[in-house]
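J.:
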Amino acid sequence: MPVNYDPVLTDILKDLTRIRSAWTENQYDYAPDAVINYIAANDDALRFFVNELYRLTDRDERRRLCDNHRGLDENIVAIEDPGTLDQLAAVEKATQPSDVYKLSPIIEDDIIALIRPIEYMQHVTNWTPFSGVIKNSPINI
């Protein structure tokens, strides 16, 4: 059960879950415009949550969280530098000019990779909540 009920975190996770569900249901090849717009509009919040996880936790803490909360993805435990991974690929792609984005569009794996570290943040304590607001929420796909 989450210990962190930050409303922005909660809304982000609800929206990302909606995106993932719609993707599964509709079998998109690439992200619909609503998804691209949502991610681009909320890039600061998405980056915040992913970066805060790695700033506030080390491998041992993430292992403890994973062991105590079975729904968390174990692959997140071993990551030392989030900048070297694909966790923010969806954000990077959504904030590119459209001609660049077309060369490397957001795919379902990008959304999954983005959700995983943010799910951990529900269980991290002692952090300062994101001070901005979520745009285009709840997402309508």
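Mapping to my numbering: the sequence shown position 77 is 66, numbers consecutive. In this text, a Cβ means the ideal position worked out from N, Cα and C, and glycines have one as well.
Enumerate in chain order the residues of its own chain whose CB-to-CB distance from Leu5 is below 6 Å, with the five nearest sequence positions on each side excluded.
T.: Ile104
J.: What residues in its chain sit with their C-beta under 6 Å from that of Gln85, if we drop five residues either side in the sequence?
T.: none
J.: Do you know how far the Cα of Cys55 is from the Cα of Glu63?
T.: 6 Å
J.: Does the separation of the CB atoms of Pro(-4) and Val39 fall below 8 Å?
T.: Cβ distance not < 8 Å, so Pro(-4) and Val39 don't count as in contact.
J.: Could you tell me which uninterrupted alpha helix (DSSP H) segments, each at least 4 residues in length, are contained entirely in the stretch 63 to 108, listed from first to last along the chain?
T.: 78 to 83 and 87 to 90
J.: If I measure Cβ to Cβ from Asn115 and keep anything under 8 Å in the same chain, skipping five residues before and after, which residues do I get?
T.: Only Leu45 meet the Cβ criterion.
J.: Along the chain, where does the alpha helix (DSSP H) containing Pro(-4) start, and where does it finish?
T.: That run of the alpha helix (DSSP H) goes Pro(-4) to Asn15.
J.: Could you check the C-alpha separation between Tyr19 and Val(-8) for me, to the nearest Å?
T.: 34 Å
J.: I need the straight-line Cα distance from Ala102 to Val122, nearest angstrom please.
T.: 22 Å
J.: Once the 5 residues before and after Ile8 are set aside, which same chain residues still bring their CB inside 6 Å of it?
T.: Val24 and Ile100
J.: Arg59 by DSSP, collapsed to three states: which one?
T.: coil
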